[in-house]
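Notes for the one structure printed next.
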Amino acid sequence: MEEAEIMIDKQIRGEEDRLNAWNFNVMELMKRGLYDNAMRSIEHMEKIGIDPNVITFNSVIDGLVKMNRIGDALKSLNSMKQDGPSSDKQTYTYLMNGYLKQKDMPKALQVLAEMNSHRLDCSEPSTFSP
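The sequence shown begins at 18 in the numbering used here and counts up one residue at a time.
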């Protein structure tokens, strides 16, 4: 376990604060392209009794899309559907942007349809930005 993770465990007491600190850690790892480290952090979160939330998963999905690993981002969404928190508008926005950047309109439209089926508002023009 990295030194930063040990610090998170020992210094932060409140459950919500601990979750926020872990989410920040995962987000920073994903920004640096350190997917494996981010996944180890999530596993450690679960091991110590902190359930990843939609922000945790969205950080992973956004990072994967930015690394042009849209297939892995979709796997994370599927994992989220099975074991994790409910996806939100942002989750689908990241996926949609990934498909739009790849100019894959059929898959982008699939994501839009799924978003609509979950009754998530996608009417704002700023939702998608390829």
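Where a beta carbon is used, it is the ideal one built from N, C-alpha and C, also for glycine.
Have a look at residue 32 and residue 126 and give me their C-alpha separation to the nearest angstrom.
Each residue's Cα considered, the two are about 38 Å apart.
Given residue 116, which residues of its chain have a CB within under 7 Å of its CB, disregarding the five upstream and five downstream residues?
87, 124, 125 and 128, listed in sequence order.
Give me, in chain order, the residues of the same chain whose beta-carbon lies closer than 6 Å to that of residue 73; leave out the 5 immediate sequence neighbours on both sides.
Here the set comprises 40 and 43.
Going straight from the alpha carbon of residue 71 to that of residue 96, what length do you get?
Each residue's Cα considered, the two are about 12 Å apart.
Skipping 5 residues on each side, what residues in its chain have a beta carbon closer than 8 Å to that of residue 84?
Excluding positions up to five away in sequence, the list reads 50 and 52.
Just to confirm, are residue 81 and residue 106 a CB contact at a threshold of 8 Å?
Not a contact, by the Cβ cut-off of 8 Å.
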